[in-house]
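Peer 1: Protein sequences appear in the order of chains A and B.
Just so you know, the first sequence maps onto residues 1 to 758 in this note's numbering.
Just so you know, the second sequence maps onto residues 759 to 973 in this note's numbering.
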Amino acid sequence: MEHIRKRLAKCEEGIRYLCQIKEGCEWGNLSGLLAKLDELKASFYDYSEEGFSDEVSQIEEAVAFLAERCQEEISPMDRVRIVRSPLRFSLKDILENVYEDYTELGGEGEANIDPAMVVAKANILRRVKNRVFTQQVMVIGHEKGHGEEFRNGGSTKPWGNEKALRFMQVAETEGIPIHSYIFTPGAYPVEEYPGAAQQIARNLYAMAKLRVPIVSIISEGGSGGAEAIGLADFRLMFSHGYYSVISPEGAAAIEGRVGEGQKAPKELIEQCAEHLKITAQDNLDLGTIDRIVEEPPLGAKHDDFAFFKRLRFEMMRATDEVVLKTKSLRAFRAYELKLKKAGDDEALVNPDQDTNLHIDISWEMNDDEQKRLLALRAKKYRAMAAKAYLNDTTRFGEFCKKTSTRVAKVYYTVVYDILKRQQKQVEKVIKEVSGEGSSFVKRLSSPFTAAYDFIIHKPEGRSGKTPAAASRQEALALEFGDTYTSPLANEDRTVTCPNSATRGCKDLWVPDLYGEFCGVCENCGHHFPLEYQWYLNNLFDRDSIREFNAKIGASNPLNHPVLRQKLQNVKNETKRHSAIITFQARLLEVELVVAMLYSDFRNGTVGAAEGEKFVQACELAKLQRKPLLAYVHTTGGIRIQEGTMGVIQMPKCTLAVRDYVDAGGLYIVVYDNNSYAGPVASFLGCSHYQFAIRSSRIGFAGYRVIRDTTGQDIPPDYHSARNALKRGHIHGIWDRREFRRNLHQALMTMGGRNLYYR
Amino acid sequence: MHDEIDFDRILSQYPADPYEYIDILTPHAGRLVFKTSEEQPVSGPSGEWQHVPGTLLYQLERERNVKPVRSVVNGVVASLERALDGQFVEAGEKVMTLRHPLKKREIIDRILRNVLSMFLAPERAKYFFALDIQSRIDKHGQRSISIKPGDEVLTMSLMKRDTPVLYQGEPGIIHSVYFTPGATVDQDQPLIGICPEDKLPLIQKIIARVKSEWE
């Protein structure tokens, strides 16, 4: 009877799993089945063995039928619940079953800097004919545990991501590939050092040029938390996984404007999951992943050993593909690898199916191959979300742009790489010779000049402009022009400074505040928000702004039902096409490229169009050897209605920044008003030089998300620029009235004479 | 300090009327619109950092700037000048009275302010204990420090200058400290409460009685 009891337990597990997926036992009369199961258990000894077996068989059939039906009509939200089930496999199961052996690094179990992030050095077996090789990999991933509370559901703290980065660098030193497994609902949103956003940005920045193959696979890909280890040369996804910009519940809370502490309606959550296009197939269609790893119906569990075998095969195959693409000699092996795709699904149904690749590929790479790997990685991300934005440029315009870019490329290559290099060489030689010559002449002439000076006394000091006079002149040039006054000043009323209770600030008359005072409280220095046009007019030299890519516009790549109309409205209101303005400008004779995220357009959220414009700004700055300024008037994060098309802008833009900085560029970020989430956790937070305007707020998640996620309240000044400075996230706080002067100084001190420091 | 402490009077005063009546005065002139009414409960700022604002009492509009005035204490609106609703009011005009139920700690504090000899702030400035007094407080606690007139007890920090403040009043021990070192104290606000050593047992007895009797 024992084996029948086991079958009965299995049935119960199956029913409870279905209840979890369908969020209740009403679907398919699961409650009736459970009642029958209880009845059977109670009258276990009343049945004969055959009779009981028949009863169990009936339930087994019913469960199998329901499972089949559930799989047939599976919804995106069902997949989310599958992924969150404690029965689902976790990273520890993968380490046990996919790899030959492993050693966990940076902590073990609960004794860990962050138990949600597991790093292990593992061996994987490669069988070629009758020979067996062991290849080492660095496995990095989120561990949800099977209900272990200390794992925090795979929600990694900043120091967990820092651990991941540390061991990525170990993998780079040792030249072994990285397999990253993404099982996270999102990063743990705390600002304490190293800071959730800033650490993700650092991870992305490092991964952009990590000289080893990276293969990532997504089970639960929750936005920024997923990206922290997700930038890869090959991105796989489990067939029942989800990859999304925000949890469906979070999206529903925003869409439905649900108050704190209240739950969004179930239907709205289902709708949001549908609209966000979070499933593996959706992501494959959108091009954010490269391949889907099939799971058994209703998702793999921790004891699906055939699935782990398949997973081992897929991880090796993906790594091989990445490595082979960098090899010069690869044709036959690549062909063999391609052939291996046939009969893939065999492994799922037949555990004895041979899933070995039988191809001999070394994962070691030489310098040239590493260079090729990095170039391919950059190319891969550059091509992502290419069709997810509008470009109204005509064909002729496109042709002109391409031609002018090519000409500019040739021109700047000649000027900077050929002439400038030669000029520098010549200048260097002249400098050396003149140095030698002047020393020689000085030695010869010194007795005579000493005698001459003794006879005719010369007054001290040199003629010409004194440093003080020069700085005075410069200060004059730094004064603001009087050409622009904020339209906010055209109101006859007063406003109260938010610090009036504590600092005793008097009411401010609006025309004074937004005119003469530049929106700054004259008593406490509180900065009232100003429109982005104020900066355009007061920060740069008069008439020096030349906008580019103005016609690249935000679109609705996922056909989100709400976004289309909202975009149309905001385009009509702002007369702009996206939330970012990219332009070339001049600041005291310093030419620079600027990318400005501003609040009027969907709160400065970043989608495919904004990402593309930012990347093109990086490319232009790189081409023309100009410093790049990212001025963040406001950014609310990634535009959630664009789903993963938005999320993918995080690695895409960070790669562009890394390319630019590695080529010698100077990248400065200045935050103003509110800067949150994805952009801060990627292409903004990765800058070496970050500053903030006074009274601004910088962070990863807002108050409500922090309260919901961590269950803790946070102080009202948690995201303030001053706290960001204390935490080391930014390097200085600038007064708005001193912005022009400070920016110029930063350009000169950080960039040096040539503003392109290598 | 009163020569005789009327023990019974002090203790009977608070059970009879355990409230503080706070008059709400307008901070400046403007048109007033009430946002609450009589007998409405109001709450003061709350939350770990006092970041949740108190109940909105009224709005005062001046030069098209609508300023919300919120309650700073918990309690009930005891009375309200309904006639002023929608009218222009001058600065410093009483618009309502809040009835704030006193807590045990507040009652003890009030009793102490009555019976102790208060040393008031001579100027609006930041105050610190004199170095030797501070070191003695750190070592033995404030109740072990006895002071007499002419002692240099405090240092007043005003306009970047430190001026010694000499104690004037009855000799005794420092029973209560009402200022935070480094924080600005308004003129005539109490800095320290002094208790003659012989009256300390009596004061402690009163405090013990309040603690035991008061819910």
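Backbone N, C-alpha and C fix where the C-beta goes; we use that ideal spot for every residue, glycine too.
List the whole-angstrom C-beta distance separating residue 80 of chain A from residue 8 of chain A, where the pair is believed to meet the contact cut-off of C-beta under 8 angstroms.
Peer 2: That belief does not hold up - the Cβ atoms of residue 80 of chain A and residue 8 of chain A are roughly 29 angstroms apart, past 8 angstroms.
Peer 1: How many Å lie between residue 796 of chain B and residue 788 of chain B at the Cα?
Peer 2: Roughly 22 angstroms separates the two Cα atoms.
Peer 1: Would residue 207 of chain A and residue 168 of chain A qualify as a contact pair, given that the criterion is a beta-carbon distance under 8 angstroms?
Peer 2: Yes. Within cutoff.
Peer 1: Check residue 150 of chain A in the structure and name its three-state DSSP category.
Peer 2: Residue 150 of chain A falls in the helix class under three-state DSSP.
Peer 1: Taking residue 76 of chain A and residue 274 of chain A to be in contact with their CB atoms under 8 angstroms, please state how far apart those CB atoms are, rounded to whole angstroms.
Peer 2: Contact flag correct, Cβ pair sits at about 6 angstroms.
Peer 1: Can you pull out the residues from the region 849-863 of chain B whose beta carbon lies closer than 7 angstroms to at least one beta carbon of chain A?
Peer 2: So the list is empty, because no residue satisfies the distance condition.
Peer 1: Listing by chain order, which chain A residues have their CB less than 9 angstroms from the CB of residue 972 of chain B?
Peer 2: Those within 9 angstroms of residue 972 of chain B in chain A number zero; the least Cβ separation is about 31 angstroms.
Peer 1: Would you say residue 694 of chain A and residue 734 of chain A are within 8 angstroms of each other, going by their C-beta atoms?
Peer 2: The answer is yes: Cβ separation under 8 angstroms.
Peer 1: Bridge partners for residue 509 of chain A per DSSP, in chain order?
Peer 2: Per DSSP, A/494.
Peer 1: Spell out whether any CB of chain B is found under 8 angstroms from the CB atom of residue 495 of chain A.
Peer 2: Yes, because at least one Cβ of chain B sits closer than 8 angstroms to the Cβ of residue 495 of chain A.
Peer 1: Could you list which residues in chain B have their beta carbon closer than 9 angstroms to that of residue 713 of chain A, in chain order?
Peer 2: Within chain B, the residues near residue 713 of chain A are 805, 806, 807, 809.
Peer 1: In angstroms, rounded to a whole number, what distance separates the CA positions of residue 235 of chain A and residue 220 of chain A?
Peer 2: In a straight line, the C-alpha of residue 235 of chain A is about 13 angstroms away from that of residue 220 of chain A.
Peer 1: Identify the contact partners of residue 882 of chain B in chain A, using a Cβ-Cβ distance below 7 angstroms as the criterion.
Peer 2: The premise fails here: residue 882 of chain B is roughly 11 angstroms from chain A at the closest Cβ pair, so nothing lies under 7 angstroms.
Peer 1: Along the region 811-839 of chain B, where does the CB come closer than 8 angstroms to a CB of chain A? Name the residues.
Peer 2: Per Cβ criterion, the list reads 820, 821, 822, 823, 825.
Peer 1: With DSSP run on the structure shown, which of helix, strand or coil describes residue 528 of chain A?
Peer 2: Coil.
Peer 1: Using CA atoms only, rank isn't needed, just tell me which of A/22, A/107, A/64, A/69 is closest to residue 84 of chain A.
Peer 2: Per the Cα distances, A/22.
Peer 1: Using only the alpha-carbon positions, how far apart do residue 34 of chain A and residue 89 of chain A sit?
Peer 2: Each residue's alpha carbon lies about 25 angstroms from the other.
Peer 1: Helix, strand or coil, according to DSSP, for residue 930 of chain B in the structure here?
Peer 2: Strand at residue 930 of chain B.
Peer 1: By how many angstroms is the C-alpha of residue 784 of chain B removed from the C-alpha of residue 539 of chain A?
Peer 2: Near 42 angstroms, if we compare the C-alpha coordinates of residue 784 of chain B and residue 539 of chain A.
Peer 1: Going by other Cβ atoms of all chains shown within 10 Å of its Cβ, with 16 needed for buried, is residue 3 of chain A buried or exposed?
Peer 2: Looking at its Cβ environment, which holds fewer than 16 other Cβ atoms inside 10 Å, residue 3 of chain A is exposed.
Peer 1: Below 7 angstroms on C-beta distance, what does residue 507 of chain A contact in chain B?
Peer 2: The answer, in chain order, is 823.
Peer 1: Residue 825 of chain B bridges to which residues according to DSSP?
Peer 2: BP columns for residue 825 of chain B point to B/818.
Peer 1: Taking Cβ-Cβ distances below 9 angstroms as the criterion, which residues of the region 715-744 of chain A are in contact with chain B?
Peer 2: Listed in sequence order: 715, 716, 717.
Peer 1: In three-state terms, what does DSSP make of residue 520 of chain A?
Peer 2: Three-state DSSP puts residue 520 of chain A in a strand.
Peer 1: For residue 239 of chain A, I'd like the list of residues in its chain whose CB is within less than 7 angstroms of its CB, leaving aside the five on either flank, ordered along the chain.
Peer 2: Cβ within range, chain order: 280, 292, 293, 294, 295.
Peer 1: Okay, do the region 954-966 of chain B and the region 916-931 of chain B touch, 3+ Cβ pairs below 8 angstroms being the bar?
Peer 2: Contact between the region 954-966 of chain B and the region 916-931 of chain B is present, because at least three Cβ pairs lie under 8 angstroms.
Peer 1: Any idea what DSSP makes of residue 774 of chain B, helix, strand or coil?
Peer 2: Helix.
Peer 1: May I have the straight-line CA-CA distance separating residue 597 of chain A from residue 158 of chain A, to the nearest angstrom?
Peer 2: Approximately 26 angstroms between the Cα atoms of the pair.
Peer 1: Can you find the residues in the same chain that come closer than 6 angstroms, C-beta to C-beta, to residue 289 of chain A, ignoring five residues on each side of it along the sequence?
Peer 2: For residue 289 of chain A, where only same-chain residues beyond five positions count, the Cβ hits under 6 angstroms are 235, 237, 283.
Peer 1: Nearest to residue 277 of chain A by alpha carbon, out of A/332, A/642, A/383, A/132?
Peer 2: Ranking the options by Cα distance to residue 277 of chain A, first place goes to A/642.
Peer 1: For residue 842 of chain B and residue 493 of chain A, I'd like the C-alpha separation in whole angstroms.
Peer 2: Between residue 842 of chain B and residue 493 of chain A, the C-alpha separation is close to 23 angstroms.
Peer 1: Which residues in the same chain as residue 768 of chain B place their Cβ atom closer than 8 angstroms to its Cβ, once the five residues preceding and following it in sequence are excluded?
Peer 2: These residues qualify, in order along the chain: 869, 872, 873, 964.
Peer 1: Using a Cβ-Cβ cut-off of 6 angstroms (strictly less than) and excluding sequence neighbours within five positions of residue 393 of chain A, which residues of its own chain qualify?
Peer 2: Here the set comprises 551.
Peer 1: Would you call the region 820-838 of chain B and the region 728-747 of chain A touching, i.e. three or more CB-CB distances under 8 angstroms?
Peer 2: Touching, no, given that fewer than three Cβ pairs across the two stretches are closer than 8 angstroms.
Peer 1: Would you call residue 119 of chain A buried or exposed, if buried means 16 or more other Cβ atoms sit within 10 Å of its Cβ?
Peer 2: Buried, since its Cβ has 16 or more Cβ neighbours within 10 Å.
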